[in-house]
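Peer 1:
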Amino acid sequence: MNLKGRDFLKLLDFTPEEILYLLDLAADLKEKKKKGIPVDTLRGKNVALIFEKTSTRTRCSFEVAAHDLGMGTTYLDPSGSQIGKKESIADTARVLSSMFEGIEYRGYGQDIVEELAKYSKVPVWNGLTNEFHPTQMLADLLTIREHFGYLKGIKLTYMGDARYNMGNSLMVACAKMGMHFTACTTKEYFPQQSLVEECGRIVAQTGGSVTLTEDVKEGTAGANVVYTDVWVSMGEPDEIWEERIRVLSPYQVNRGVMENAGEGAIFMHCLPAFHDLKTKIGAQMGERFGIAEMEVTDEVFEAPYSLVFEEAENRMHTIKAVMAATL
Ligand code: CP
Ligand code: NVA
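Position 69 of the sequence shown, counting from 1, maps to 314 under this note's numbering, and the rest follow consecutively.
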C-alpha cells in the first residue's frame, strides 16, 4: 500500500483497503508510543496547520503527532493569516507548499479544502469542513475496532443533525467498512439525498446498509454504537439554538436510548459535548431554555460504556498515521 503524496480530504476518496491500512498503521504507531519506541522518521520536515475555526483535539493531535514524527509545525489561527481575506486559496496553497511538506486545513466549505489541495504541491489534510470530518472517522473506526475487535456488521446509530460533517462522514465511513448506519433524527435533518444514494452504491459492494428513520425506538434498537454530536456546529448562527433544541430534544441520547440499544452498546461523541452546565454556552442555553443537558445526558456521558475519551486519544494516533502514510 502506498499513499505517499495523497491528500486526505474525505473518506469517499479512499478504498476500504486503504482505510484499513491507515487504521493498522495507527494501531502500530499507538502501540509504539505506549512502549516508548520513538518513530521520528519525518525529521526535518515541516507542516502548516490552518485553523479558520477553533479546535482542541484536532490541533493538539496534529501538533503532538507531528512532533512525535520529528516534524516542525506552524499554527495559523482563525485571525492569524491572510487566507480568504487578502489572499486567495490558490495563492495560499502555492506559497505554503513551497515552504511546508504538508498542510492541514480546518474551515468552512469542502470546496475550500479541495481548492487548496488542487493548487498545493504537497499533501493537504482536512481537519474538518462543514461537510466532512475525515480524520475524526479514522479515530472513531479505530476506537470501535479496538472495542469490538471488528468493524464489518457493526450497527452504528447517529442521532442529531445528520446533514452536517459528522452525520455525512459517519454514513460514508460505515458504508465503506460494511457497517450498518442509521440516521435517527427528524426527516428535515436527514443527510443529503445525493450522498445517501452514493453510500447506497458503496454498501452494495461492502455489505453494509444505510437507514434513515425518525423513530427513536426503531432507530436505536440493537445498535452497537450510539453516536451524537453538538446540536449547533461551529460557524452556525446563535439564533439556530432555539430551533435545534426544540427539534432535536426527542433525539437526545439518554438512559432510555442506551437501554433500548441493548447489552454491550457503547456511546461515542466527537466532542466537545454539552452534557452539563459547566461550559459558558451550556450555562447560557441552560438558563435560556431551562435545560441541564443537551445532545447527551451527563449520566450517559459519564457511564462506563461511554468511550469518548478513548476516541479523543485516538485522534492523535490516527492523525499521525495519516501524516506518516502520505509524507
Ligand atoms: N472532535 C474535534 O474535532 O474536536 P476539536 O474541535 O476540539 O478539534
Ligand atoms: N459538528 C461539529 C463537530 C465538531 C468536532 C462542528 O462542526 O462544530
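Glycine is no exception: its CB is placed at the ideal position from the N, C-alpha and C atoms. Predicted model, so just to flag it, every value in this text is computed and none were measured.
Can you check the segment 475-543 for any beta strand (DSSP E) of at least 3 residues that lies completely inside it and give the ranges in chain order?
Peer 2: 511-514
Peer 1: By the 10 Å Cβ neighbour count, where 16 or more other Cβ atoms means buried, how is MET503 classified, buried or exposed?
Peer 2: Counting from 1 along the sequence shown, the entry for residue 503 is found at position 258. MET503 comes out buried.
Peer 1: Measure how close the beta-carbons of THR465 and CYS429 come, nearest whole angstrom, since I'm counting them as under 8 angstroms.
Peer 2: Taking the first residue of the sequence shown as position 1, residue 465 is located at position 220. Taking the first residue of the sequence shown as position 1, residue 429 is located at position 184. THR465 to CYS429, Cβ: 6 angstroms. Contact.
Peer 1: For CYS305, is the beta carbon positioned less than 6 angstroms from some heavy atom of the ligand NVA?
Peer 2: In the sequence shown, counting from the first residue as 1, residue 305 sits at position 60. Flag unset: Cβ of CYS305 not near the ligand NVA.
Peer 1: Scan the segment 274-358 and note each continuous alpha helix (DSSP H) run of 4 residues or more that stays entirely inside, going in chain order.
Peer 2: 302-313 and 334-341
Peer 1: Rounded to the nearest angstrom, what separates TYR472 and GLY325 at their Cα positions?
Peer 2: Numbered from its first residue, the sequence shown carries residue 472 at position 227. Numbered from its first residue, the sequence shown carries residue 325 at position 80. The alpha-carbon atoms of TYR472 and GLY325 are separated by roughly 34 angstroms.
Peer 1: Please identify the residue among GLY452, GLU481 and ARG491 whose C-alpha is closest to the C-alpha of ASN375.
Peer 2: Residue 375 sits at position 130 when you count from the first residue of the sequence shown. Looking at the Cα atoms, GLU481 is the closest of the given residues.
Peer 1: Which residues mark the beginning and the end of the alpha helix (DSSP H) in which ASN247 is found?
Peer 2: Taking the sequence shown and counting its residues from 1, one reaches residue 247 at position 2. Looking at the DSSP string, ASN247 is not in any alpha helix (DSSP H), and its letter there is neither H nor E.
Peer 1: Can you find at least 3 beta carbon pairs, one from the segment 520-531 and one from the segment 562-571, that sit closer than 8 angstroms?
Peer 2: no
Peer 1: Using beta carbons (cut-off 7 angstroms, strictly below), is THR380 in contact with chain D?
Peer 2: No chain D is present in this structure, which holds just one protein chain.
Peer 1: From this set, ALA311, LEU373 and GLU308, which residue's C-alpha is nearest LYS298's C-alpha?
Peer 2: Here residue 298 corresponds to residue number 53 of the sequence shown, with the count starting at 1. For the residues ALA311, LEU373 and GLU308, the minimum Cα distance to LYS298 belongs to LEU373.
Peer 1: Starting from SER454, follow the beta strand (DSSP E) in both directions and report where the run begins and ends.
Peer 2: As a position in the sequence shown, residue 454 is number 209, starting the count at 1. Unbroken beta strand (DSSP E) run through SER454: 454-458.
Peer 1: Assess contact between the segment 441-450 and the segment 484-492, defined as three or more Cβ pairs (one per stretch) separated by less than 8 angstroms. Is contact present?
Peer 2: Look at the beta carbons and you see the segment 441-450 not touching the segment 484-492: under three pairs across the two are nearer than 8 angstroms.
Peer 1: Ignoring anything shorter than 3 residues or poking outside the segment 383-461, list the beta strand (DSSP E) runs there in chain order.
Peer 2: Scanning the segment 383-461 from its first residue to its last, the whole beta strand (DSSP E) runs of 3-plus residues come out as 400-404, 425-429 and 454-458.
Peer 1: If I follow the unbroken alpha helix (DSSP H) through VAL553, where does it start and stop?
Peer 2: If you number the sequence shown from 1, residue 553 lands on position 308. 553-571 is the span of the alpha helix (DSSP H), which, as asked, contains VAL553.
Peer 1: Whole-angstrom Cβ separation of PHE307 and LEU287, contact assumed at under 8 angstroms?
Peer 2: Walking along the sequence shown from the start, residue 307 turns up at place 62. Walking along the sequence shown from the start, residue 287 turns up at place 42. Contact doesn't hold; Cβ gap of about 13 angstroms is too wide.
Peer 1: Is TYR472 helix, strand or coil when you go by DSSP?
Peer 2: Taking the first residue of the sequence shown as position 1, residue 472 is located at position 227. The answer is strand: DSSP assigns TYR472 an E or B state.
Peer 1: Measuring alpha carbon to alpha carbon, tell me which residue in SER342, MET422, LEU440 and ALA384 is nearest ARG408.
Peer 2: Locating residue 408 in the sequence shown gives position 163, counting from the first residue. The shortest C-alpha separation from ARG408 is found at LEU440.
Peer 1: Going straight from the alpha carbon of GLY315 to that of TYR350, what length do you get?
Peer 2: Residue numbering aside, residue 315 sits at position 70 when the sequence shown is read from its first letter. Residue numbering aside, residue 350 sits at position 105 when the sequence shown is read from its first letter. Those two C-alpha atoms are separated by around 20 angstroms.
Peer 1: Given THR268, which residues of its chain have a CB within under 8 angstroms of its CB, disregarding the five upstream and five downstream residues?
Peer 2: Against the sequence shown, residue 268 aligns to sequence position 23. The sequence given here places Leu at residue 268; Thr does not occur at that position. So the list reads LEU383, LEU386, LEU387, ARG390, THR563 and ALA566, once near-sequence residues are dropped.
Peer 1: Would you kindly report the start and end of the unbroken beta strand (DSSP E) that includes ASN371?
Peer 2: Counted from its first residue, the sequence shown places residue 371 at position 126. 369-371 is the span of the beta strand (DSSP E), which, as asked, contains ASN371.
Peer 1: Straight-line CA distance for THR427 to LEU493?
Peer 2: Your numbering for residue 427 matches position 182 in the sequence shown. Your numbering for residue 493 matches position 248 in the sequence shown. Straight through space, the alpha carbons of LEU493 and THR427 are spaced by roughly 16 angstroms.
Peer 1: Taking the DSSP output, what are the residues bridged to PHE253?
Peer 2: As a working mapping, residue 253 is identified with position 8 in the sequence shown. For PHE253, which the question treats as bridged, DSSP gives the partners TRP370.
Peer 1: What is the DSSP secondary structure of PRO549, counted as helix, strand or coil?
Peer 2: Walking along the sequence shown from the start, residue 549 turns up at place 304. Note: PRO549 maps to coil in three-state DSSP.
Peer 1: Can you find a heavy atom of the ligand CP that lies under 6 angstroms from the Cβ of LEU386?
Peer 2: Indexing the sequence shown from 1 puts residue 386 at position 141. Not under cutoff, so the answer is no.
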